[in-house]
Amino acid sequence: MPETFILIPGRTSDQGCGISEGKFLEKYQREINSLQVAPGDMKRLGLAQGDRVRLTSDFGQVEVAVVAAKGDELPVGVLFIAYGDISSRLMGGDTHGSGMPTSKGIDVTMERIPAPAV
186 MPETFILIPG RTSDQGCGIS EGKFLEKYQR EINSLQVAPG DMKRLGLAQG
236 DRVRLTSDFG QVEVAVVAAK GDELPVGVLF IAYGDISSRL MGGDTHGSGM
286 PTSKGIDVTM ERIPAPAV
């Protein structure tokens with residue numbers, strides 16, 4: 186059953202370091218392709234590192250792997266993803282004249298994607 190969360194896309198320090206090495210290398214790609222979830226939400230939803238979830242906003246839908254946020258970086262009910270291809274698919278196109286779409290506080294639903302049967 187999908188649950189509603191608030192998604193906060195942004196930049197990470199590892200993403201900043203990774204961009205100087207190259208956008209197609211592992212460090213950068215790991216950052217932009219991982220969804221950080223509050224440890225309390227991970228536990229409550231029975232999620233483990235690397236599990237895949239589907240995020241849906243009013244503007245799009247993506248599938249992404251989850252990682253537990255460090256300590257209390259994220260409150261329960263809030264998700265974080267680094268700016269990149271995945272986060273862009275969940276944002277609207279209106280920039281309100283700034284050149285950057287609104288990217289903070291996006292309402293999303295998240296649901297676990299069952300692991301394929303072996």
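Under the working numbering, residues 186 to 303 are what the sequence shown spells out, in order.
Note that the Cβ used here is the ideal one computed from N, Cα and C, for glycine as well.
- A Cβ-Cβ separation of about 5 angstroms places residue 227 in contact with residue 253 under the 8 angstroms criterion.
- By the neighbour-count definition (other C-beta atoms within 10 Å, threshold 16), residue 276 is a buried residue.
- Taking the Cα of residue 271 as reference, the smallest distance to any Cα among 243, 297 and 248 is reached at 248.
- Its chain contains 252 as the residues whose beta carbon lies nearer than 6 angstroms to that of residue 234, once the 5 sequence neighbours on both sides are disregarded; these appear in chain order.
- Residue 225: not part of any beta strand (DSSP E); member of the alpha helix (DSSP H) spanning 224-230, first to last residue.
- Ranked by Cα distance from residue 187, the first of 218, 242 and 223 is 242.
- Residue 214: member of the alpha helix (DSSP H) spanning 211-217, first to last residue.
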